[in-house]
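> In this text, residue positions in the sequence shown follow my numbering: the first is 669, and each later residue adds one.
Following this message is one structure expressed as structure tokens.
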Amino acid sequence: MTYESIEFQQEGGIARIWLNRPDKLNSFTAAMHRELANALTQVEQGGARVLVISGRGRGFCAGQDLSERQPGADGGRVDLGETVETFYAPLIRRLNALPLPVVVGVNGVAAGAGANLALAGGDIVVAAESASFIQPFCRLGLIPDTGGTYALPRLVGRARALGLALLGDKLPAAQAQQWGMIWECVPDAELEARLDALARHFAQAPTKGLAFTKRAIGESLGNTLDAQLDLERDMMRELGASDDYAEGVAAFMEKRQPVFKGQ
669 MTYESIEFQQ EGGIARIWLN RPDKLNSFTA AMHRELANAL TQVEQGGARV LVISGRGRGF
729 CAGQDLSERQ PGADGGRVDL GETVETFYAP LIRRLNALPL PVVVGVNGVA AGAGANLALA
789 GGDIVVAAES ASFIQPFCRL GLIPDTGGTY ALPRLVGRAR ALGLALLGDK LPAAQAQQWG
849 MIWECVPDAE LEARLDALAR HFAQAPTKGL AFTKRAIGES LGNTLDAQLD LERDMMRELG
909 ASDDYAEGVA AFMEKRQPVF KGQ
């Protein structure tokens, strides 16, 4: 399949997506969304054990390309709710539902939907020191979409979430790490190597267990303690019968490195 707005590669258990509109800071268009949807279908159907998302050029993603969502000169209105329902919400839902880790590498600016693609769609977010996160929706009379209103308060708390959303200030990557918004901030020159190392690590990890961990933590946000304990019981029962658990125990007892199959 040929892509124009993104690059897609899948090999050795590692799937990689690069947003690829560098002249527009990788801002979203309908065409890019359709290509992302096709790439995610390939990830869902293939043998990937990790997905890495990053951006080409000097920025990760500047959010929506507003040239596609301008009110008409005749006073016509744009249905932004339909845009969310058709493109952004399905993207975040699919990334969260993937039964494998999603690693996001942020280089340069991550603004609007681009920031929230990382924060609401990524499981491990690594940013270059020069990167920044911006919620500029307030400057347009809008709200943080693409899962922003869900992810922000859970990542940084109510006060900081409201400050970011109501002021639209730029948050440097180092501060995002200090606030617990992202996993790691690394020197710019080390970002690609760090993403490659994480990809190789997860490609050899016990994928089913990681997928269950991802799901359990996600469901915990809406569960009672009793419901979560029941979920842990059921998941541990299934994982205890998995090939990877048997291999992990055998490797521990034999004092060797495990060879996980992701099953």
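Just so it is clear, CB atoms sit at the ideal spot from N, CA and C, and this is done for glycine as well.
1. Considering only the alpha carbon of each residue, which of N784, S722, R724 and F676 lies closest to V711?
2. Can you list, in chain order, the residues of its chain whose CB lies under 8 angstroms from that of C806, leaving out five sequence neighbours each side?
3. Which of the three DSSP states is assigned to F880 in this structure?
4. For G930 and P739, what's the separation of their Cα atoms in angstroms?
5. Give the single residue among A796, R826 and P874 whose Cα lies nearest to the Cα of L907.
6. Which residues in the same chain have their Cβ closer than 8 angstroms to the Cβ of F880, if we skip the five residues on either side of it in sequence?
7. Please confirm if the segment 861-878 is in contact with the segment 797-816, defined as three or more CB-CB distances below 8 angstroms between the two stretches.
8. Pop quiz: V777 and L693 are said to be a contact at Cβ under 8 angstroms. What is the actual Cβ separation, rounded to whole angstroms?
9. On the DSSP bridge list, what partners appear for I643?
10. Counting only the same chain and skipping the five closest in sequence on each side, list residues whose C-beta sits under 6 angstroms from that of A919.
11. At which residues does the beta strand (DSSP E) containing V793 begin and terminate?
12. Start and end of the alpha helix (DSSP H) containing G714?
13. Sort out for me which residues DSSP pairs S800 with in a bridge.
To lay it out plainly:
1. Within the sequence shown, the letter at position 43 stands for residue 711. The residue with the shortest Cα to Cα distance from V711 is F676.
2. Locating residue 806 in the sequence shown gives position 138, counting from the first residue. If we look at C806 and ignore the five residues flanking it on each side, its Cβ neighbours are A833, L834, L835 and G836.
3. Along the sequence shown, read from residue 1 onward, the residue named residue 880 stands at position 212. Looking at F880 - three-state DSSP - the assignment turns out to be helix.
4. Counted from its first residue, the sequence shown places residue 930 at position 262. Counted from its first residue, the sequence shown places residue 739 at position 71. Their backbone Cα atoms lie some 48 angstroms apart in a straight line.
5. If you number the sequence shown from 1, residue 907 lands on position 239. Taking only the C-alpha atoms, the option nearest L907 is P874.
6. For the purposes of this step, residue 880 is identified with residue 212 of the sequence shown, where counting begins at 1. Closer than 8 angstroms at the Cβ level, and outside the excluded window around F880, lie M903, E906 and L907.
7. no
8. The residue you call residue 777 lines up with position 109 of the sequence shown. The residue you call residue 693 lines up with position 25 of the sequence shown. Indeed, because the Cβ distance is near 6 angstroms, the residues count as touching under 8 angstroms.
9. Coverage of the chain is limited to positions 669 through 931, which leaves residue 643 absent and any answer about it impossible.
10. Position 251 of the sequence shown, counted from the first residue, corresponds to residue 919. Here the set comprises P926.
11. One-based indexing of the sequence shown puts residue 793 at position 125. Run containing V793: I792 to A796, per the beta strand (DSSP E) assignment.
12. What you label residue 714 is simply residue 46 of the sequence shown in a count that begins at 1. From DSSP, G714 is part of no alpha helix (DSSP H); its letter is neither H nor E.
13. Position 132 of the sequence shown, counting from 1, holds the residue named residue 800. Its beta-bridge partners are V777 and P840.
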